[in-house]
Structures are given as structure tokens and as C-alpha cells.
Amino acid sequence: MYVSARTDYAVRAMLAITAEHPHLVKAAGLAATQDIPLSFLQGILLDLRRAGLLHSHRGVDGGYALARAATEITVGDVVRAVGGALTTVRGMPTATATYHGAASGLRDVWVAVEEAIEGVVDHKTLAELSRLAKTHQPSPIKH
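As numbered in my numbering, residues 1 to 143 make up the sequence shown, in order.
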């Protein structure tokens, strides 16, 4: 599985917003504390909002908050919101890969890889990762 910068930033942003719950998090503060370029982050936040993972609130006291409980949002939800499918074969969905002859069993391998990845990212919630992070030093975000 290739984890793009966009995907990494999205998961980091969601974890930072989770850590600040119930406070709203401003994009500029999030960009600064997570060392993410603000213009890049704004596009990510838009995708996360469109996917129903974030709410945005306008105004001077505005910012971003989780649209659902952190226990209900998985890493897989975030990855799919900004990157689409978890795995592909030659740019196509893994399940559509076809092979012939000596390579005919290869599709089963790619499907198993996809299922293994799903088994991790679809069962790890933001709440679980946030609990793990509390054993490390927090990096507060300015509200």
C-alpha cells in the first residue's frame, strides 16, 4: 500500500482535530502544528467535509470539528475520503484484475492483500489512535 502525502496529512489532521474535541480547530493552526502546507490542507479538509467526516463552522470563532464520534471514524474512512480505493491493480479496482495462464492465481493474491489492508485500516478508529497518542507528548493547537 502506498501512502501518499495527501493521505498521511489527512489522517494526521483528523487525529489532531480528534485530540482537540470538543473545540473547533482552525485550518491555519492545524497546518502550523502538523507542518502541513495550508493551501494543501484546505483541499484535504474540503474532501473530508464532503465525505461527511468533518463539519466546518464559519466566522471568527469558526473552525473544523468531527462530524461523527471518533469511535465511529476509521483510518479507512479517512483514506478513502482523500485517496479513493485502498488498493488498485494498474489503476483499476483490485477485484476487476484478470490474469490468464501461469498468472491466473495472481488476482487472489491482490484481493488478499486488499483484505489484509482493510482488516487494519477499517478496524482502527480515530479514538483508538488518540488514546495511544496520549502516552506521547501532545502538540496543542491554537483555537
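All residues carry an ideal CB built from backbone N, CA and C; glycine is no exception. These figures come from a predicted structure and were not determined experimentally.
Just verifying my parser: in three-state terms, what is the DSSP assignment at residue i?
i: His-143; result: With a pLDDT of 43 at His-143, under the threshold of 50, the predicted position of this residue should be treated as unreliable, and no value is reported.
i: Thr-33; result: helix
i: Ala-69; result: coil
i: Ser-56; result: strand
i: Met-14; result: helix
i: Gly-62; result: coil
i: Val-3; result: coil
Using alpha carbons as the reference points, say which of the options lies closest to residue i.
i: Arg-12; options: Arg-50, Leu-41, Pro-22; result: Leu-41
i: Glu-114; options: Gly-76, Ala-70, Ile-44; result: Gly-76
i: Arg-49; options: Ala-85, Ser-104, Arg-80, Thr-88; result: Arg-80
i: Ser-4; options: Leu-30, Ala-31, Val-82; result: Val-82
i: Thr-74; options: Tyr-9, Met-14, Lys-26; result: Met-14
i: Gly-62; options: Ala-133, Lys-26, Arg-6; result: Lys-26
For residue i, list the residues DSSP reports as bridge partners.
i: Val-89; result: Met-92
i: Gly-105; result: DSSP lists no partner for Gly-105.
i: Val-113; result: Beta-bridge pairing links Val-113 to no other residue.
Can you tell me where the alpha helix (DSSP H) with residue i in it begins and where it stops?
i: Ala-127; result: 126-133
i: Val-75; result: 75-83
i: Asp-144; result: The question about residue 144 has no answer here: the residues shown for the chain are numbered 1 through 143.
| request: Decide if the stretch 117-131 is in contact with the stretch 65-73; the criterion is three or more beta carbon pairs, one per stretch, under 8 Å apart. | output: yes
| Is there contact between the stretch 105-112 and the stretch 81-97, where contact requires at least three CB pairs shorter than 8 Å? | yes
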